[in-house]
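Undergrad: Sharing a structure, written as structure tokens. Questions coming.
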DNA sequence: ATCATTGTTGACCAACTGGTCAAGATTTTT
DNA sequence: AAAAATCTTGACCAGTTGGTCAACAATGAT
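Chains as they are written, first to last, in our numbering: chain A, 2 to 228; chain B, 2 to 228.
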């Protein structure tokens, strides 16, 4: 799931020494920077974030950051790629061979889990799309488009087989995305409306169950499956 | 709906002359700037937007913009206030005396309409919240909080009266917000997945109906109302 | 006509920011 | 040990940006 993103970065020898005394430096430092950058970008957006902020959060001088990532844009792209790969990972759970209740339940569970564990990534993605996707347009047009089309076919088949009510598959997908990602993108609003406290484990469970219940009932997937 | 935002701005005489020969200048120019600013802020975010961009789009020199709005922040705040007032306007349709199907249908209709007619505002709001609501925190804690609480009571009453299934009112509201605002905030993604063409009138109708259907069915509001 | 108020704008500036660079430190290879 | 490669960092620079200002124009009141 990650290989696409990794650079070869000197994979010649070092097969006998104690693991990787120096080769690991680059990897560790890049990880450190990426993590800091993800947070800062999600908080301030691409232009709002400064390389100085990112360097500070990573605890290194700015020049060092630029040694590993030549430009702010390159750093940003790397992060987008990671987010997208996580997203695609969850998308796998929406496979062909399941019935609607099973497939959609699993998919919604995964998406909610990602909203909880990777809220920064979700925000960055949302930010990108809201600003016209200047960086990720190609992802939208290729990978995301293909995935969406293929899933719409599956949903349409469920409809044709009478497993769910006839709704536009597109809007069902949008609703799932919107409802699940809302818990990442609007976490601040949710927290404020929750008396300033972030959602507890139980509240997260409730949220996940309610989203699933409403959507599955909403498309009539349960009334057939139940009996 | 607007009075809060307007400045007194010389309301002495001019009650006999031909309307407002000069008094109108300020108002017209402010409108012009606000409209330009809304677009630019929604496209580039607060920091991404420059006062130069806004001035250019309004067709005036930057210094003139700063004559009417001393700082970028003041301009931004003004826009946020307007957005919020539009939002509150729609919120009215969610009144006490209706049954769930009627109240929620009307509310979702209004929200979808706003997503279509005021996508810029929705994006700016989303952007604010995603970045921790640095400007609008007070709105979240006061007005929005109160409104949300009062509507949750109504929804809870519906549940107690057996009019809808027992779900957490909070999550129902979040789902409505998420699903409807998605069509504004993610319009670019939706457009791309729609073959690069923005949604037609029919597609908007379908979206609106599907969102309503799924949510109303999802909470079991229709199965009681139908018979 | 004259004055006061309001509106207009080019030129300017201080602060910030992405990115560079050269000198030096550290580690790996030979 | 010493050469080669990699990593580190303070100082620096050029471009951008929010905001100011002084001179000027237009309009309204007297």
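In this text, a Cβ means the ideal position worked out from N, Cα and C, and glycines have one as well.
In the structure shown, what three-state DSSP assignment does residue 189 of chain A receive?
TA: Within the first chain, numbered from 1, the residue matching residue 189 of chain A stands at position 188. Looking at residue 189 of chain A - three-state DSSP - the assignment turns out to be helix.
Undergrad: Please name the residues in the stretch 96-125 of chain A whose beta-carbon is closer than 7 Å to at least one beta-carbon of chain B, in chain order.
TA: Hits within the stretch, in order: 124.
Undergrad: Using a Cβ cut-off of 7 Å (strictly closer), state whether residue 190 of chain A contacts chain B.
TA: Numbered from 1 along the first chain, position 189 holds the residue referred to as residue 190 of chain A. Judged by the 7 Å Cβ criterion, residue 190 of chain A is in contact with chain B.
Undergrad: In chain order, which alpha helix (DSSP H) runs of at least 4 residues are fully inside the stretch 78-146 of chain A?
TA: Listed in chain order, they are 101-118, 120-131.
Undergrad: With DSSP run on the structure shown, which of helix, strand or coil describes residue 60 of chain A?
TA: The residue labelled residue 60 of chain A in the question sits at position 59 within the first chain. Residue 60 of chain A falls in the coil class under three-state DSSP.
Undergrad: Measure how close the beta-carbons of residue 153 of chain B and residue 170 of chain B come, nearest whole angstrom, since I'm counting them as under 8 Å.
TA: Residue mapping note: residue 153 of chain B aligns to position 152 of the second chain, counting from 1. Residue mapping note: residue 170 of chain B aligns to position 169 of the second chain, counting from 1. Confirmed, about 4 Å.
Undergrad: Got a sec: is the Cβ-Cβ distance from residue 72 of chain A to anything in chain B below 7 Å?
TA: Within the first chain, the letter at position 71 stands for residue 72 of chain A. Judged by the 7 Å Cβ criterion, residue 72 of chain A is not in contact with chain B.
Undergrad: Using a 10 Å radius around the Cβ and a threshold of 16 neighbouring Cβ atoms, would you call residue 84 of chain A buried or exposed?
TA: Taking the first residue of the first chain as 1, we reach residue 84 of chain A at position 83. Buried.
Undergrad: Residues in the same chain with beta-carbon distance under 7 Å from residue 37 of chain B, minus the five sequence neighbours each way, listed in chain order, please.
TA: Start at 1 with the first residue of the second chain, and residue 37 of chain B comes out as number 36. The answer, listed in chain order, is 55, 58, 59.
Undergrad: Pull up the distance between the alpha-carbon of residue 31 of chain B and that of residue 102 of chain A, whole angstroms please.
TA: Walking along the second chain from the start, residue 31 of chain B turns up at place 30. Walking along the first chain from the start, residue 102 of chain A turns up at place 101. Answer to the nearest angstrom: the Cα atoms are 53 Å apart.
Undergrad: Would you please verify whether the beta carbon of residue 176 of chain B is less than 7 Å from any beta carbon of chain A?
TA: Mapped onto the second chain, residue 176 of chain B falls at position 175. Taking Cβ atoms only, chain A reaches closer than 7 Å to residue 176 of chain B, which makes this a yes.
Undergrad: Taking the alpha carbon of residue 223 of chain A as the reference point, which residue from A/114, A/112, A/163, A/69 has its own alpha carbon closest?
TA: Sequence index remark: in the first chain, residue 223 of chain A carries index 222 (1-based). That would be A/163, whose Cα lies nearest to the Cα of residue 223 of chain A.
Undergrad: Determine the chain A residues that contact residue 44 of chain B at a beta-carbon separation under 8 Å, and present them in chain order.
TA: The residue you call residue 44 of chain B lines up with position 43 of the second chain. Simply 132, 133.
Undergrad: Count the other CB atoms within 10 Å of the CB of residue 97 of chain A; is the residue buried (16 or more) or exposed (fewer)?
TA: For the purposes of this step, residue 97 of chain A is identified with residue 96 of the first chain, where counting begins at 1. With fewer than 16 other Cβ atoms within 10 Å, it is exposed.
Undergrad: Whether or not the stretch 137-147 of chain B and the stretch 178-196 of chain A are in contact is what I'm after, with contact meaning three or more pairs of Cβ atoms, one per stretch, closer than 8 Å; do they touch?
TA: With a cut-off of 8 Å, the stretch 137-147 of chain B and the stretch 178-196 of chain A count as touching, because enough Cβ pairs lie within range.
Undergrad: Please list, in chain order, all residues of the same chain as residue 1 of chain A whose beta carbon is under 6 Å from its beta carbon, the five residues on each side excluded.
TA: Absent from the structure is residue 1 of chain A, since the part of chain A shown begins at 2 and ends at 228.
Undergrad: Only counting the same chain, and skipping five residues up and downstream in sequence, which positions put a Cβ closer than 6 Å to that of residue 221 of chain B?
TA: Walking along the second chain from the start, residue 221 of chain B turns up at place 220. If we look at residue 221 of chain B and ignore the five residues flanking it on each side, its Cβ neighbours are 165, 166.
Undergrad: So the candidates are A/44, A/48, A/87; which of them puts its Cα closest to the Cα of residue 113 of chain A?
TA: The count along the first chain starts at 1 and reaches residue 113 of chain A at position 112. Taking only the C-alpha atoms, the option nearest residue 113 of chain A is A/87.
Undergrad: For a quick check, are the C-beta atoms of residue 172 of chain B and residue 206 of chain A less than 7 Å apart?
TA: Indexing the second chain from 1 puts residue 172 of chain B at position 171. Indexing the first chain from 1 puts residue 206 of chain A at position 205. Contact: no.
Undergrad: Tell me the DSSP secondary structure of residue 268 of chain A in three-state form.
TA: For chain A, the structure presents residues 2 to 228; residue 268 of chain A sits outside this window and is missing.
Undergrad: I want to verify the contact list: residues of chain B whose CB lies under 8 Å from the CB of residue 154 of chain A, in sequence order.
TA: Stepping through the first chain from its first residue, residue 154 of chain A is reached at position 153. Result: empty, since nearest Cβ-Cβ is about 14 Å, beyond 8 Å.
Undergrad: At a Cβ threshold of 7 Å, is residue 208 of chain A touching chain B?
TA: Translated into the one-based positions of the first chain, residue 208 of chain A becomes position 207. It does; some Cβ of chain B falls within 7 Å.
Undergrad: Counting only Cβ pairs nearer than 8 Å, list the residues of chain A close to residue 146 of chain B.
TA: Indexing the second chain from 1 puts residue 146 of chain B at position 145. Those are 193, 194, listed as they occur along chain A.
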